[in-house]
Amino acid sequence: MLTYLSRPRLNALLADAVKHPLTIVRAGAGYGKTQAVYEFTHTSPFLSAWTQLSERDNAGSRFWAKYVRLIESWDKDFVAHCHSLGFPDSEDKLNLHSDLRKRYAPAQRRVIVLDDAHLITHPDILLFLERGLCETVDNVSVILICRELPGGALLNRQIKGDLPTVTEDDLNFTESELASYLLQQGLPASKRNLRDILEDTKGWAFSVNLVARSLKKSPGYTGYVRTAMKQNIFNLMELEVFNVVSERLRRFFIRLSLID
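Letter 11 of the sequence shown, counting from 1, is numbered 11 in our numbering, and no numbers are missing.
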């Protein structure tokens with residue numbers, strides 16, 4: 001697990017994004033997207049509510065139970081109405097939920113965070129995410145954390161530029177953040193080390209953490225640490241990407257890698 005470094009740059013980016021009703025934080029594994037949102041919500045003055053989604057939440061009743069728990073501290077009448085409404089799986093229910101959200105908009109600003117939103121595939125739940133959570137409600141913002149966009153409706157909105165999105169490029173460590181992280185770990189942050197580490201890791205949080213752990217055991221980035229880090233990153237890429245695709249696609253990747 002990455003020993004976390006407070007990153008004001010990301011906090012400022014998210015603070016600007018949540019001025020909109022919905023924000024997407026989209027990146028692959030190991031980019032620190034969940035930790036970035038966690039740090040932002042816990043250092044901000046507004047109230048936040050958080051839930052971790054799973055593939056089992058592709059059932060309307062289960063998803064709705066999680067959603068109602070998220071708004072329990074919002075307004076008791078709003079919660080009671082949502083309990084009675086049940087999951088909005090029809091146009092009439094979607095409209096009623098929309099009216100309820102606007103009627104019971106909280107007096108104090110709140111942010112709802114749905115983590116691992118890419119695991120949601122059920123069309124009715126995706127429609128609720130697009131229709132029920134994207135509309136503007138006073139003092140309410142939603143953050144969806146995902147590895148990929150959860151469904152075509154949200155994708156269409158993003159293409160139109162309607163959704164602020166925090167990407168892998170945003171989450172990557174900058175040189176100054178890398179220097180601060182190494183110093184936080186009691187490690188040297190020479191210009192040469194910073195340049196070489198950024199060249200090899202591209203600022204990916206997972207690999208930055210891996211380098212820091214290796215440097216604690218064997219000081220000096222050049223030589224063994226650098227070689228071992230590259231091999232470990234290759235193994236992770238193989239596990240996360242190469243091993244989960246079809247045999248035909250693997251062969252295509254290998255052929256593609258041989259082209260200059």
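Every residue, glycine too, gets a C-beta built ideally from N, C-alpha and C.
Along the chain, where does the alpha helix (DSSP H) containing residue i start, and where does it finish?
i: residue 197; result: 191-201
i: residue 64; result: 60-70
i: residue 18; result: Premise fails: residue 18 is in no alpha helix (DSSP H) and is neither H nor E.
i: residue 7; result: No alpha helix (DSSP H) holds residue 7; DSSP gives it neither H nor E.
i: residue 215; result: 205-217
CB residue i to CB residue j, shorter than 8 Å?
i: residue 30; j: residue 124; result: no
i: residue 24; j: residue 146; result: yes
i: residue 5; j: residue 181; result: yes
i: residue 112; j: residue 53; result: no
i: residue 151; j: residue 88; result: no
i: residue 115; j: residue 41; result: no
i: residue 126; j: residue 22; result: no
i: residue 51; j: residue 66; result: yes
To the nearest angstrom, how far is the alpha carbon of residue i from that of residue j?
i: residue 93; j: residue 185; result: 52 Å
i: residue 17; j: residue 215; result: 36 Å
i: residue 258; j: residue 251; result: 11 Å
i: residue 183; j: residue 190; result: 10 Å
i: residue 32; j: residue 47; result: 22 Å
i: residue 249; j: residue 255; result: 10 Å
i: residue 2; j: residue 206; result: The predicted position of residue 2 is uncertain, since its pLDDT is 49 and thus under 50; no value can be drawn from it.
i: residue 217; j: residue 187; result: 11 Å
i: residue 174; j: residue 199; result: 11 Å
i: residue 197; j: residue 246; result: 32 Å
i: residue 195; j: residue 62; result: 48 Å
Pop quiz: residue i and residue j are said to be a contact at Cβ under 8 Å. What is the actual Cβ separation, rounded to whole angstroms?
i: residue 58; j: residue 122; result: 4 Å
i: residue 9; j: residue 36; result: Actually they are not in contact, since the Cβ atoms of residue 9 and residue 36 sit about 10 Å apart, beyond 8 Å.
i: residue 104; j: residue 74; result: 7 Å
i: residue 171; j: residue 12; result: That pair is no contact at about 14 Å.
i: residue 49; j: residue 110; result: 7 Å
Of all the options the options, which has the alpha carbon lying nearest to the alpha carbon of residue i?
i: residue 177; options: 48, 14, 202; result: 202
i: residue 45; options: 23, 180, 139; result: 139
i: residue 129; options: 196, 107, 163; result: 163
i: residue 209; options: 179, 191, 192, 114; result: 179
i: residue 141; options: 70, 55, 246; result: 70
i: residue 168; options: 204, 197, 196, 199; result: 204
i: residue 106; options: 77, 86, 84; result: 77
i: residue 19; options: 173, 137, 213; result: 137
i: residue 101; options: 84, 91, 79; result: 79
So is residue i in contact with chain C if we call contact Cβ pairs under 8 Å?
i: residue 254; result: The displayed structure is made up of one protein chain only, and chain C is not part of it.
Along the beta strand (DSSP E) that carries residue i, what are the first and last residues, could you check?
i: residue 134; result: Per DSSP, residue 134 belongs to no beta strand (DSSP E) and is neither H nor E.
i: residue 24; result: 22-26
i: residue 51; result: 47-52
i: residue 162; result: Note, residue 162: premise wrong, no beta strand (DSSP E); not H, not E.
i: residue 176; result: It is not in any beta strand (DSSP E) - residue 176 instead sits in the alpha helix (DSSP H) that spans 175-184.
i: residue 110; result: 110-115
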